[in-house]
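For reference, the structure discussed in these notes is given below.
Residue numbers (the working numbering): 98 to 382.
What follows is the structure, encoded as structure tokens:
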């Protein structure tokens, strides 16, 4: 087998939208840094580099370890502009490290470029700002993240990352609200889609909702016209299901994906395992 396009490495943490990508240049891009102590055998100390960090929204399960990462690796941080000050205050981020992202922003870094799209979080069950309800403290025992966590329910971004070799990675989450963005994603045809898989049936929220059936999720993932389909936020589904049920569900989704788009691959990643990703060529038998 001969690698036609220089591959990159990626691993997922199966908590929130946590991913680590080693770019073709060797630089590292982290997405939504959150590494809870309950992850068996792994902590934030396992992260070996972070030249860049993308925070899609500032809920604790997408950014609680951001301060540790930035202060250790002097990372460049791309995050929703409206949440930037709250993050800077809580994590004591150097202002120079922050690259505030607005919907429509386009940024070019030495190792990739990024285009930003407005996104909308999944329904939260009529959650509203309450200074006496600190969700982060309730869930993790960590104080001080209330404002950032509240803003995370309001401001969220989807991102199209284009590597220097032209490989396109789309980060997408939450509700599909703006048809303009979805239509553009379909036209772009990203090589890889990294998308939230915890999707509730229409009209249901995080407290009352279950999970859409396998065919519905497969239709959602294939609607982006991507080749490699990577789910995230499996932890949200596991609050209601066990591992065995989730694995069977993903097998059903993969089968439906093959039926809907034979050229696409549905890849539920194994937590903390590295994957080599690229375009290869081999002799046909």
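We put the beta carbon where it would ideally sit given N, CA and C, even for glycine.
Note that the structure is predicted; figures quoted are calculated from it, not measured.
Segments of 3+ residues assigned as beta strand (DSSP E) that fall wholly inside the region 309-342 = 325-329
Using a Cβ-Cβ cut-off of 7 Å (strictly less than) and excluding sequence neighbours within five positions of residue 274, which residues of its own chain qualify?
-> 217
Contact check, residue 326 vs residue 282, beta carbons under 8 Å | no
Give a yes or no on whether the C-beta atoms belonging to residue 180 and residue 329 are separated by under 8 Å.
-> no
Is it true that the CB of residue 319 sits closer than 8 Å to the CB of residue 354?
-> yes
Count the other CB atoms within 10 Å of the CB of residue 155; is the residue buried (16 or more) or exposed (fewer)?
-> buried
Run of the alpha helix (DSSP H) containing residue 279, from where it starts to where it stops = 276-285
Can you tell me whether DSSP reads residue 170 as helix, strand or coil?
-> helix
In chain order, each beta strand (DSSP E) run of at least 3 residues that lies wholly inside the region 207-287 = 209-216, 253-260, 265-269
For residue 348, does the count of other Cβ atoms within 10 angstroms reach 16, so buried, or fall short, so exposed?
-> exposed
Residues in its own chain within less than 6 Å of residue 288 by CB, not counting five upstream and five downstream?
-> 264, 265, 324
Please determine, among 132, 192, 252, the residue with the shortest C-alpha to C-alpha distance to residue 368.
-> 132
Indicate whether residue 136 and residue 112 have their beta-carbon atoms separated by less than 8 Å.
-> yes
Residue 196 in three-state terms, based on DSSP | strand
Alpha carbon of residue 202 to alpha carbon of residue 267, nearest angstrom = 15 Å
Hey, quick one: how far does the alpha helix (DSSP H) through residue 186 stretch, first residue to last?
-> 181-188
Give me the Cα-Cα distance between residue 245 and residue 378, rounded to the nearest whole angstrom.
-> 46 Å
Beta-carbon contacts of residue 234 that lie in its chain and below 6 Å, excluding the five residues immediately before and after = 240
Which residues share a DSSP beta bridge with residue 301?
-> In the DSSP output, where bridge partners are listed per residue, residue 301 has none listed.
Please list, in chain order, all residues of the same chain as residue 247 whose beta carbon is under 7 Å from its beta carbon, the five residues on each side excluded.
-> 226
If you count every other CB in all the chains shown that lies within 10 Å of the CB of residue 107, and 16 or more means buried, which is it?
-> buried
DSSP three-state assignment for residue 293, whether helix, strand or coil | strand
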